[in-house]
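Position 420, counted from 1, in the sequence shown is what this note's numbering calls 464; the numbers after and before it change by one each time, with no gaps.
Where is the CB? At the ideal position from N, CA and C, for every residue including glycine.
Since the model is a prediction, treat every value here as computed from it, not as a measurement.
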Amino acid sequence: MAFRGHKVIAMVPSRLESTRLPRKALADICGLPMVIHVLRRVQMSPIVDEVYIATDSEEIKSLVESYGGNAIMTSSEHTTGIERISEASADMDYDVICLINGDEPALNPDHIQSSVEALLDSEGPTSLLASESTKVNSPSDFKVVTNLAGEAMYFSREDIPSPSRSGVTQFLKAYHLISFRKGALDDYMALEKTPLEALEGHDHLRFLENGYKVQIGVVEHDSFSVDTPENLIEMVEQMKGDALFEQYRHEASAPEQPRDAVAEHRWTSTPITAVVPCRAGSERVKDKNTRPFAGFEGGLLELKLKQLVNVPEIDNIIVSTNDPVVMDFTRKFAETTDKPITINERPDDLADSSTPMSKFIQYAAELQDEGIMMMTHVTHPLVTATTFSDLIAAWREAEEQGYDSLVTATRLHAFLWDAAAKPFNYDDSKEKWPRSQDIDPLFEINHAAYLMPFVRMREVGDRVGTNPRIFEMDQDVAMDIDWEHQFHLLEDIVTAKRQRGLELL
45 MAFRGHKVIA MVPSRLESTR LPRKALADIC GLPMVIHVLR RVQMSPIVDE
95 VYIATDSEEI KSLVESYGGN AIMTSSEHTT GIERISEASA DMDYDVICLI
145 NGDEPALNPD HIQSSVEALL DSEGPTSLLA SESTKVNSPS DFKVVTNLAG
195 EAMYFSREDI PSPSRSGVTQ FLKAYHLISF RKGALDDYMA LEKTPLEALE
245 GHDHLRFLEN GYKVQIGVVE HDSFSVDTPE NLIEMVEQMK GDALFEQYRH
295 EASAPEQPRD AVAEHRWTST PITAVVPCRA GSERVKDKNT RPFAGFEGGL
345 LELKLKQLVN VPEIDNIIVS TNDPVVMDFT RKFAETTDKP ITINERPDDL
395 ADSSTPMSKF IQYAAELQDE GIMMMTHVTH PLVTATTFSD LIAAWREAEE
445 QGYDSLVTAT RLHAFLWDAA AKPFNYDDSK EKWPRSQDID PLFEINHAAY
495 LMPFVRMREV GDRVGTNPRI FEMDQDVAMD IDWEHQFHLL EDIVTAKRQR
545 GLELL
């Protein structure tokens, strides 16, 4: 079988380590795992010759094969679906390959043909779909603008074109069912990450910035992805009346039963305590914890407390301080919320700038007998309630897998040299300048958050255990305030976010 003389294969990248909805690839939707819904729907497309699930999980691979599907194991180091399917398809014979997200179980199989047709009717190496949207100020959605030939000109989370100048009320929302010609994935992987790609976080800007054409195919509606427990509830209800599901409903392993998907994916057995250290006497940034910041009269402390009280998974908050101003603000703030907030009056000898951090950690480990400590700092103002929820979900998943702690870190894919001006993280005798994506990544601890059982902290005498899980956090989220210029920079960023109605709490 060939579509317009082209062999078409479909590849579904699927991983187990989702943060907002742990193990979502295996989430039960009306008796079938999510990834199997996607598999069956892709198999319904008459133009697809072969379907593969690309994964780094043996559990997913075994599941797919038990349903008669094909699965390919890939590296666990991949950060995008394009990277994963590029590895999986490296030695395959095809003319067109389609990337289909593994978290869209209500996929319309006809859209696969729409994406492939857009590609074959164009001169470019890749195509993706888009649908009309009237949502404004929705940074979770990528928007795209096209030229008169239907080719992408730019992708952004911002509203483009700008409604303030153009008066437009509809946008093209990118729908990431993507088709590639043979060789396009090799071209993509050979290119360095580009400035606009890094700025906007959209893979296809790498193609655009290097002069490649990206064709956009417009469809009436897209398929929403399941990213949260709330999304899962919505998807279960939608699937119950889904006409395509009727074609494979007989495979469901159990009858549908009412359930609370939010409760099912939210653990409450071990309480979470947020510990916020706030010592007095900052030397590099005077009064940085409580001086006014971006419209918050209580400064960074007020912003962080507001973020933490908005995290449903946090059971209580402890502010550890020797600063009377911090204590006074915390007492007043605690009266405005139902979330338990207590003040730990820290001895001055544990709050001096010369005090080793290890000494304070030993002290913090005694703040509670049991439960999970989540230590965070007010000097990371861009770490929001949503991110904290993601962190806690990742910790619960890590805990089940045998990790004893979780620490936030920023991935470094860069050319690092030591003090002797020699390459530190790559061998230049093999290749003088390898591709940055081929360099083994390093991780910089960014101190945005640490999660660990209080009992384990006392056992090892540290806030990181002997088997920690690294939670990758983008640098633009983990930005910290250590110096005066960083205070002003982040104040400008937070002010701009507030003015534009973007998420801060």
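Apart from the five residues on each side of it in sequence, which residues of its chain come closer than 8 Å, Cβ to Cβ, to residue 402? 505, 506
I'd like to check one pair, residue 214 with residue 170: are the Cβ atoms closer than 8 Å? no
Identified DSSP bridge partners for residue 414: Answer is none; residue 414 lacks a bridge partner.
Quick check: the stretch 415-425 against the stretch 474-487, are at least 3 beta-carbon pairs closer than 8 Å? no
Could you tell me if residue 248 is buried or exposed, where buried requires 16 or more neighbouring beta carbons within 10 angstroms of its beta carbon? buried
For residue 292, I'd like the list of residues in its chain whose CB is within less than 6 Å of its CB, leaving aside the five on either flank, ordered along the chain. 84
Beta-carbon proximity list for residue 383, same chain, < 6 Å, skipping 5 on both sides: 353
With respect to the alpha helix (DSSP H) encompassing residue 233, which residues constitute its N-terminal and C-terminal limits? 228-234
Residue 483 by DSSP, collapsed to three states: which one? coil
Nearest-angstrom Cα distance between residue 53 and residue 225? 11 Å
Residue 360, enclosing beta strand (DSSP E) - first and last residue: 360-365
From 318, 124, 398, residue whose alpha carbon lies closest to that of residue 385: 318
Sequence-distant residues of the same chain with beta carbon closer than 7 Å to residue 301, five excluded per side: The pLDDT assigned to residue 301 is 39, lower than 50, so where the model puts this residue is not dependable, and the model offers no usable value.
When you compare the CB positions of residue 270 and residue 149, do they come within less than 8 Å of one another, or not? yes
According to the Cβ coordinates, are residue 98 and residue 118 closer than 8 Å? yes
Spatial neighbours of residue 208 in its chain, beta-carbon cut-off 8 Å, leaving aside the 5 residues before and after: none
So does the stretch 230-239 actually touch the stretch 174-192, counting three or more Cβ pairs closer than 8 Å? no
Excluding the 5 residues preceding and the 5 following residue 512 in the sequence, name in chain order all residues of the same chain whose CB lies nearer than 8 Å to its CB. 447, 448, 449, 450, 451
Would you call the stretch 452-472 in contact with the stretch 338-358, where contact means no fewer than 3 C-beta pairs closer than 8 Å? no
Separation of residue 483 from residue 167, as counted between CA atoms: 33 Å
Endpoints, the beta strand (DSSP E) within which residue 388 is located: 385-389
Beta-ladder partner(s) of residue 261, from DSSP: 173
Considering only residues of the same chain and omitting the five flanking positions on each side of residue 374, which have a CB-CB separation below 7 Å? 363, 385, 387
Output yes or no for whether 8 Å exceeds the beta carbon distance between residue 338 and residue 102. no
What span of residues does the beta strand (DSSP E) with residue 190 cover, start to end? 187-190
Taking the C-alpha atoms as reference points, what is the distance between residue 296 and residue 471? 51 Å
Around the Cβ of residue 76, are there at least 16 other Cβ atoms within 10 angstroms (buried) or fewer (exposed)? buried
Check whether the stretch 129-142 and the stretch 189-205 are in contact - that is, three or more C-beta pairs closer than 8 Å. no
Pull up the CB-CB distance for residue 426 and residue 523, whole angstroms please, since I reckon it's below 8 Å. 6 Å
Other residues of its chain near residue 359: CB distance less than 7 Å, five sequence neighbours each side excluded: 315, 316, 317
For residue 219, which residues of its own chain have a beta-carbon under 6 Å away from its beta-carbon, when the five flanking residues on both sides are left out? 173, 174, 175, 266
Quick one: give me the first and last residue of the alpha helix (DSSP H) that residue 402 is part of. 401-408
How should residue 468 be labelled, buried or exposed, when 16 other C-beta atoms within 10 angstroms of its C-beta is the threshold for buried? exposed
What's the C-alpha gap between residue 485 and residue 108? 30 Å
Between the CA atoms of residue 135 and residue 79 - distance to the nearest angstrom: 24 Å
Using DSSP with H/G/I as helix, E/B as strand and the rest coil, what is residue 160? helix
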